Amino acid sequence: MTGLRRYGAIVVLNGLMALAVHAAAPAQPEHTDRQEYEYVGQHRLEANCPWSVYCYRILVPALLEQIPLDGETRWRWLQLAANITAGAIVATTTAGLANGLPAAVIATILVQTSFGFAFTAYDPYTADPVVFAILAALAWCWLSNRWIAAM
């Protein structure tokens, strides 16, 4: 299997796994940080922010506010896209280190069904999926000897 086809298969598998976990999650979370993150997205660095720690987590909510969709759709699509991206990066890195697609499949299953990824499918109103994707990219840079890009 060529590198491009292998990478395509990894991305498709991660997409299917992320969608399966997303489909198994409840439609609405019982406890969520949605109100906090939406406030911060609409009132970036505003004085007297009522949400303490959330007031400094502005990048993801501020960027999502620029997308012309309703809040629910924006956060759910971000969660799916970031989890698919992070899972694909981890699986691709694993395939390169373990020299094969079977290792990438195992990595995909482990990552996409992990607590962190599954919890963001339950409650997508968090910046965690973006952090997962950034950390997966940093790990790939370090493990593939691209340390300058990781810095």
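Counting in my numbering, the sequence shown runs from 170 upward without gaps. The beta-carbon is built from N, C-alpha and C at its ideal position, and this holds for glycine as well. Note that the structure is predicted; figures quoted are calculated from it, not measured.
The three-state reading of DSSP puts Tyr225 in helix, counting H, G and I together. Excluding five sequence positions before and after Val209, the CB atoms of its chain that fall closer than 8 Å to its own CB belong to Cys218, Trp220, Tyr223, Cys224, Arg226, Ile227, Pro230 and Ala231, given in chain order.
In the structure shown, Glu234 adopts coil according to DSSP, grouped into three states. Each residue's CA atom was taken as its position, placing Glu207 and Thr171 some 43 Å apart. Its chain contains Cys310 as the residues whose beta carbon lies nearer than 7 Å to that of Ala318, once the 5 sequence neighbours on both sides are disregarded; these appear in chain order. The C-alpha of Leu249 lies about 10 Å from the C-alpha of Gly256. Excluding residues up to 5 positions away in sequence, Ala276, Val280 and Ala305 lie with their Cβ nearer than 6 Å to the Cβ of Val259 in the same chain. By alpha-carbon distance to Thr254, the top candidate from Pro237, Pro271, Arg243 and Phe286 is Phe286. By the CB criterion at 8 Å, Ala267 and Pro298 fall outside the cutoff.
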